[in-house]
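The next block holds one structure in the form of structure tokens; read it before the comments.
Protein chains: 2
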Amino acid sequence: MPTHLSQNSRELRPSVFSQLIPKIKELGDRCIPLHIGDTYRLPPQAALDALRQAANLEMDSTRYFRYTHPFGQAELLQELVVKLERDNDMKVTDQCLQVTCGATQGLSAIAQTFLDPGDEVIVLCPHWPLIRGIIKTVGGNVVNAPYAEAVADPSAVLDPLVTPRTKAIYLANPNNPDGRLLNHDEGRRLYDYAVSKDLYIWSDEAYEHLVYDNNPKVSLAHFDNDKEDKRVVTVFTFSKSFGMAGLRIGYVVAPEDVMAALRRVSTHQVYDLSELNQAAVLAALTQPQESYQAYLAEQVAEYQKARDLLHSAFPDAPLPPGGAYIFVPFSSQEEAWKQMLAWLEEGVSSAPGEAFGGLHPHCLRLCFTAVPYDRLEKAVQTLR
Amino acid sequence: MPTHLSQNSRELRPSVFSQLIPKIKELGDRCIPLHIGDTYRLPPQAALDALRQAANLEMDSTRYFRYTHPFGQAELLQELVVKLERDNDMKVTDQCLQVTCGATQGLSAIAQTFLDPGDEVIVLCPHWPLIRGIIKTVGGNVVNAPYAEAVADPSAVLDPLVTPRTKAIYLANPNNPDGRLLNHDEGRRLYDYAVSKDLYIWSDEAYEHLVYDNNPKVSLAHFDNDKEDKRVVTVFTFSKSFGMAGLRIGYVVAPEDVMAALRRVSTHQVYDLSELNQAAVLAALTQPQESYQAYLAEQVAEYQKARDLLHSAFPDAPLPPGGAYIFVPFSSQEEAWKQMLAWLEEGVSSAPGEAFGGLHPHCLRLCFTAVPYDRLEKAVQTLR
């Protein structure tokens with residue numbers, strides 16, 4: 000690589016998936032792709048209607064092809080305030096919001112807003128693969144901590160890891176890859192710990208609605224309600240709950256003082272987000288509450304059925320309470336890779352555990368939301 | 000601001016427009032907005048058709064709402080290779096391309112790919128407002144140089160500015176705000192200078208097709224054709240040429256070794272770009288060449304007419320050979336602000352010169368592509 004390039008960009012590693020891609024490509028349609036977190040479901044009809052009307056010029060359509068406000072379309076921000084109170088028990092104003100290019104740009108903007116080179120973030124593991132590179136890209140350091148243990152007893156696990164350079168704790172809830180959820184007590188404990196150590200929490204809630212068996216789930220920023228010194232920065236997206244990954248609309252919710260800086264960072268990363276796609280997600284939010292809830296309920300019911308089907312191939316693996324994946328442990332990293340390659344030969348792709356932090360190389364992740372039920376059934380035949 | 004935030008994010012300044020926004024909002028529809036670079040024109044019909052078909056589920060539509068390849072949709076990359084050879088005389092492969100969230104994220108990815116904290120970029124002035132913050136966000140330093148003089152005699156102007164920390168020269172061509180174009184000789188001179196000093200050129204060609212009076216314009220990367228040691232990184236977008244600012248699709252073209260690093264950076268900034276919106280820009284590229292050329296010809300003809308109309312209010316200002324703006328000089332910064340505020344009172348907004356680098360505070364920028372001809376006529380009555 001040219002020596003002109005920055006140290007951080009030269010050190011970024013290619014995705015662990017990149018070695019698998021040629022084989023997956025070679026398989027083409029014969030591959031049942033369970034290695035990535037995608038969906039076969041369509042967005043709500045209201046969102047499709049909004050796109051069709053814009054494309055048909057059924058209204059003053061020029062606005063959908065023009066720039067919009069860098070923070071996000073004003074009406075969308077207002078509707079998000081309502082959604083956050085209703086779905087997440089979070090009390091915020093539109094001054095706390097930034098629309099982003101998916102949750103990924105949300106986290107990229109957060110990292111850039113908080114981290115100077117050498118600053119540290121404690122990342123609860125197993126973790127979403129990209130968070131490592133997002134922190135490294137801006138010169139930050141990742142400190143891995145085991146999720147279950149850290150939540151059970153934050154002081155015991157995290158005290159030895161906190162340094163004067165620690166800025167935040169990152170976690171996903173529901174977690175990717177293992178579907179772990181934070182209940183109210185766990186959330187409270189972690190929140191109080193962060194406050195006591197003068198840390199922020201970066202809460203990645205990309206899978207917020209994908210919660211099964213009516214398990215309890217709490218948005219961490221709920222504990223910031225009515226607080227003066229707020230500590231939680233949350234990322235959400237329309238990609239998972241609403242089947243709109245292909246529209247790339249997510250958003251960050253942060254205390255107003257943090258958001259003032261984050262908005263400037265985001266403006267310099269992407270300027271604004273697609274006005275057309277914001278119209279589609281706005282339509283998903285403003286549809287009658289009954290259809291909104293019905294869409295989510297069907298989503299969750301279908302995914303729960305798919306989870307149970309995929310889990311039937313791995314009865315000894317933990318049953319994930321949320322999210323989109325089953326995280327299967329093997330006896331060793333070697334064993335896991337052997338199994339992954341064998342499945343791939345038979346047309347089922349999975350993701351290797353080392354992508355999810357240093358603590359789980361002996362695991363494989365399989366997605367149960369990526370393909371329709373009948374294709375998942377075929378995959379399960381292979382996996383058994 | 001919380002002391003937890005990074006130095007770079009705390010130092011980012013709010014946009015110079017932010018003081019004008021309340022007044023513009025207050026005016027509402029009575030404001031003729033010439034302060035921003037927007038368009039009243041619609042995308043090509045082929046792009047609208049693609050969006051409508053996707054929203055109507057007239058094809059296997061699930062793909063439009065799913066993730067796509069982080070580098071960009073494969074067919075789009077192939078078509079961009081063809082477009083670059085045809086429209087820009089650039090010979091590249093699909094390994095040199097990254098689709099981005101507009102030209103802005105393209106430049107953000109470039110800055111992150113090249114700059115370590117303290118590295119310097121020479122920025123030719125007057126310059127596009129956001130480039131300063133994009134460089135600052137990643138810890139880089141901006142060194143302003145006068146565009147006209149630097150292009151006329153690179154050594155004389157730039158030699159005193161180049162230091163061991165200088166990584167690149169940034170310029171826009173056509174330029175924003177003054178519409179300046181690089182012809183073949185000027186381009187060659189600047190390119191040779193960059194090579195001789197071991198620098199890269201970041202060439203912002205967001206306004207590539209907006210060239211009037213059949214003026215000559217050269218894409219700087221043209222000089223990299225058949226070179227071993229390539230030096231030009233170019234940014235393009237569908238926002239200006241194709242009236243699709245509201246879709247947020249741009250792309251970076253870079254030497255393969257630079258692109259390998261830039262792709263990893265971009266993946267960690269936004270993951271991928273909207274598959275739906277990529278389908279729309281792909282349709283614009285794959286429409287019959289005749290309609291493609293007709294769309295661009297009409298665009299240029301309408302904008303040239305608009306340019307001439309707006310220029311009639313400022314016969315002493317330079318007539319811009321390209322771009323979307325007239326950059327009007329006044330006797331002083333004070334005089335310029337006085338005029339800007341007076342116009343704003345009468346319902347016409349313009350942009351203050353200090354947004355475009357330190358060298359032109361006595362100027363105002365007015366956009367001639369933002370509103371239809373009849374509204375621009377009304378604005379001109381006020382401006383006269």
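Residue numbers (numbering that gives the first Met the number 0), protein chains in the order written: chain E, 0 to 383; chain L, 0 to 383. Ideal Cβ placement from N, Cα and C applies to all residues, glycine included. Owing to the predicted nature of the structure, the values given are computational and were not obtained by experimental measurement.
By Cβ distance, which residues of its chain are closer than 7 Å to residue i, with the 5 residues on each side in sequence left out?
i, result
"L:A149", "L123, V156, L157"
"L:L358", "C124, P125, N143, P145"
"E:K229", "D223, P254"
What does residue i reach in chain E if we use C-beta pairs closer than 8 Å?
i, result
"L:K166", "H3"
"L:I23", "What L:I23 touches in chain E: nothing, since even the nearest Cβ is about 12 Å away."
"L:D28", "Within chain E, no residue comes near L:D28; the closest Cβ sits about 12 Å away, beyond 8 Å."
"L:L114", "S5"
Thinking just about the alpha-carbon of each residue, which of the options is nearest to the one in residue i?
i, options, result
"L:M243", "E:Y66, E:N55, E:P42, E:A108", "E:Y66"
"E:V98", "E:H183, E:V142, E:R247", "E:R247"
"L:A253", "L:D48, L:T233, L:L41", "L:T233"
"E:F241", "E:T61, E:G101, E:Q94", "E:G101"
"E:Q18", "E:A354, E:V210, E:D212, E:A378", "E:A354"
"E:R287", "E:P163, E:E78, E:N182, E:A53", "The sequence given here has Pro at residue 287 of chain E, not Arg. Closest option to E:P287, Cα to Cα, is E:E78."
"L:I168", "L:L363, L:L33, L:Y199, L:R230", "L:Y199"
"E:D191", "E:A341, E:S60, E:S154, E:D315", "E:S154"
"E:A110", "E:Q338, E:P320, E:L309, E:V257", "E:V257"
"E:H310", "E:R12, E:L114, E:D48, E:R383", "E:R383"
"E:A193", "E:K90, E:W342, E:D152", "E:D152"
"E:K337", "E:V15, E:L363, E:F64", "E:L363"
"L:N276", "L:S8, L:F64, L:W342, L:N7", "L:F64"
So, for residue i: in the same chain, excluding its five sequence neighbours on each side, which residues have a beta-carbon less than 8 Å away from its beta-carbon?
i, result
"E:D88", "V217, S218, H221, N224"
"E:G27", "none"
"L:V142", "E119, V120, I121, V122, L160, T165"
"L:A305", "F367, T368, Y372, L375"
"L:D212", "Q303, P320"
"E:L281", "A49, Q72, E74, L75, E78"
"E:A45", "A282, A283, T285, Q286, S290"
Tell me which same chain residues have a C-beta within less than 6 Å of the C-beta of residue i, skipping the five on either side of it?
i, result
"L:A171", "W127, D203"
"L:Y39", "V370, P371"
"E:Q332", "P360, H361"
"E:T368", "T38, Y302, A323"
"E:H183", "V217"
"E:V231", "I200, S202, L219, A220, D223"
Between the alpha carbons of residue i and residue j, how many angstroms are there, rounded?
i, j, result
"E:F235", "E:Q268", "18 Å"
"E:P145", "E:A278", "40 Å"
"E:R263", "L:T136", "9 Å"
"L:A73", "L:Y250", "13 Å"
"L:K226", "L:L272", "31 Å"
"L:N174", "L:L180", "7 Å"
"L:P43", "L:L375", "23 Å"
"L:V299", "E:G117", "49 Å"
"L:T285", "E:D197", "55 Å"
"L:Q380", "L:W201", "39 Å"
"E:P69", "L:S107", "15 Å"
"E:L365", "E:F326", "7 Å"
"E:R385", "L:G71", "Any question about residue 385 of chain E goes unanswered here, given that chain E covers just 0 to 383."
"L:L318", "L:L96", "34 Å"
"E:S238", "L:I134", "30 Å"
"L:V80", "L:D93", "6 Å"
"L:G178", "L:A147", "12 Å"
"E:L4", "L:L114", "7 Å"
"E:E274", "E:R62", "7 Å"
"L:A293", "L:A283", "12 Å"
So which residues on chain L does residue i lean against when the C-beta distance must stay under 9 Å?
i, result
"E:E274", "A244, G245, L246, R247"
"E:R383", "Chain L residues near E:R383: none, gap ~27 Å exceeds 9 Å."
"E:M0", "D256, V257, A259, A260"
"E:L129", "T266, H267, Y270"
Run through chain E and tell me which residues come within less than 9 Å of residue i, C-beta to C-beta.
i, result
"L:P43", "Per Cβ cutoff of 9 Å: no residues; L:P43 is ~11 Å from chain E at best."
Any heavy atom of the ligand NAD closer than 8 Å to the Cβ of residue i?
i, result
"E:L79", "Among the components of this structure there are no ligands whatsoever, and the ligand NAD is therefore not found."
Cβ closer than 7 Å: which chain L residues qualify as neighbours of residue i?
i, result
"E:R51", "R51, A54, N55"
"E:D37", "R65, Y66"
Starting from residue i, find everything on chain L with Cβ-Cβ shorter than 8 Å and list it in chain order.
i, result
"E:R374", "None at all; the shortest Cβ gap to chain L is about 12 Å."
Check the Cβ of residue i against every Cβ in chain E and list those closer than 7 Å, keeping chain order.
i, result
"L:Y396", "Because chain L in this structure spans residues 0 to 383, residue 396 of chain L falls outside the shown range and cannot be described."
Item to complete: Count the CB pairs spanning the segment 341-357 of chain L and the segment 8-28 of chain L that are closer than 8 Å, and state whether there are at least three.
Response: yes
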